[in-house]
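Down below is the structure, laid out as structure tokens.
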Amino acid sequence: DVTTIGAAAVGAFASGVASIAASAGAFAAINADETVTAWGSKHFGGVIPSATQSELQQVQLLVANRDSFAAILSSGRVVTWGASLSGGDISGVQEQLSSDAFHITASNSAFAALKDDTSLVTWGYGPWGGDSSLVASSLTANVTFVAHTSMAMAALKVDGSVVAWGAAE
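The sequence shown lines up with residues 550 to 718 when you count with our numbering.
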């Protein structure tokens, strides 16, 4: 159990945590039963909306950016919560993230998900990597890895080429 003192959560889980991630003001943990527990500031994803909480079953991977969290379920479906503009809202790419994602990386305010078909899907704050539309045709296949700075992302392709987008820092 997590002990809450005022607005801040402190303490420890006695056992059963498989993984943990942190935003700028919250934590989230994958429990042994593959559900998620979050605590901290609601402005940074520390409170999971009840509708989202019910979706967080069979969670395999949990990633955070500054303001939001993203989880991959065993089906490859992506579930998010936190600040909408920073990736907490996937409505614009929900169909693309409904299955087959296996890895997520995050910049400060955006996410990128690698899929089984080697395509890459991005969302979140557009100028900091959430909008890859200018290079989208290069991200539909053969992506092997994604790196990030706080405001940009770069994808490594099978042929050794690199595709980058986001803010020039």
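For every residue, glycine included, the Cβ atom is placed at its ideal position computed from N, Cα and C.
Distance between residue j and residue i (C-alpha atoms, nearest Å)
i           : j           : result
residue 552 : residue 577 : Interpretation of residue 552 is limited by its pLDDT of 44, a score under 50 that renders its predicted location unreliable; the figure taken from the coordinates is listed afterwards. Approximately 15 angstroms between the Cα atoms of the pair.
residue 566 : residue 609 : 12 angstroms
residue 683 : residue 564 : 45 angstroms
residue 646 : residue 630 : 14 angstroms
residue 623 : residue 607 : 6 angstroms
residue 635 : residue 708 : 31 angstroms
residue 702 : residue 673 : 12 angstroms
Within 8 angstroms, strictly: CB atoms of residue i and residue j
i           : j           : result
residue 613 : residue 627 : no
residue 599 : residue 575 : no
residue 637 : residue 679 : no
residue 706 : residue 692 : yes
residue 698 : residue 656 : yes
residue 667 : residue 660 : no
Per-residue burial, residue i [other beta carbons within 10 Å of its own, 16 or more giving buried]
i           : result
residue 641 : exposed
residue 616 : buried
Proximity test, residue i beta-carbon vs the ligand GDP heavy atom, cut-off 7 angstroms
i           : result
residue 629 : With respect to the ligand GDP, the structure shown offers nothing to examine, as it has no ligands at all.
Exercise for the section: Give, in chain order, every unbroken run of the alpha helix (DSSP H) that is at least 4 residues long and sits entirely within the stretch 618-667. Expected result: none
Handout entry: Ranges of the beta strand (DSSP E) found wholly within the stretch 593-620, counting only runs of at least 3
Key = 608-613
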